[in-house]
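Here the structure is laid out as C-alpha cells; the discussion comes afterwards.
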Amino acid sequence: MDTANSGAIFMAVSYEQPLAEQHDIIPNGYNLGRDWLIGNITQSSIPTLELTNTSTYSGSTSANGYTYQSDIIYVSGLLANTSYGINHNLTVAVDGVNAVDGLVAVLTVKITEKPTTSSVISIELHVWM
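Under the numbering used here, the first residue of the sequence shown is numbered 211, with each subsequent residue one higher.
As C-alpha cells, then:
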C-alpha cells in the first residue's frame, strides 16, 4: 500500500452560541463559521449567501516575522448541499435552506517572508474546510 503525506489540514468550523446557550450552532452557523475564518484570513467581507463554486479570495497576513499568502477557492462536489446527517440540522437550516451549502473553501497558504534567523524552509499548505 502506498502512503503519502500531502501536508493537507482539514478543518471544521462553525459559529456557535455562548456557553449559556450550550454552544448550539447559530442558524446558518456552519457556512458563516467557514466564511468568518476566510474573511479573517483575507481581511475581506465574505457574502455567504452569494458564494458559488467559482468564488475566490486572497490575502496576506503576518505574524512573528512571517508573512503568509493565502489563496482561497470555493469548490463544490466534495460535500453535499444538505441538512441530512448534519449535527444540529434543525436549528442550523434557515427558512428551508439546507444546513450546509455544499461549498468547501480550499486554501493554499505559502510563506512569502520569514525572519532572517529562521531555518524554516518554504512550505505550501493546502487546507480544506
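From the three backbone atoms N, C-alpha and C, an ideal C-beta is built for every residue, glycine too.
Considering only their Cβ atoms, is the gap separating I251 from G239 smaller than 8 Å?
By 1-based counting over the sequence shown, the position of residue 239 is 29. By 1-based counting over the sequence shown, the position of residue 251 is 41. Not closer than 8 Å, so no.
Check the C-beta distance from I256 over to I248 and give it rounded, since I have them as a contact under 8 Å.
The residue given as residue 256 occupies position 46 in the sequence shown. The residue given as residue 248 occupies position 38 in the sequence shown. About 5 Å; that satisfies the 8 Å criterion.
Does the contact criterion of 3 or more C-beta pairs under 8 Å hold for the stretch 278 to 285 versus the stretch 313 to 322?
yes
Mind listing, in chain order, the continuous alpha helix (DSSP H) runs of no fewer than 4 residues lying wholly within the stretch 244 to 328?
299 to 302
Between V314, T271, T301 and S216, which has its C-alpha nearest E231's C-alpha?
Translated into the one-based positions of the sequence shown, residue 231 becomes position 21. The option with the nearest alpha carbon to E231 is T301.
Just to confirm before moving on: does the CB-CB distance between L289 and V314 stay below 8 Å?
Stepping through the sequence shown from its first residue, residue 289 is reached at position 79. Stepping through the sequence shown from its first residue, residue 314 is reached at position 104. Going by C-beta atoms, L289 is nearer than 8 Å to V314.
State the beta-bridge partners of I235 as determined by DSSP.
Taking the sequence shown and counting its residues from 1, the one referred to as residue 235 is at position 25. Answer by DSSP bridge pairing, in chain order: E226.
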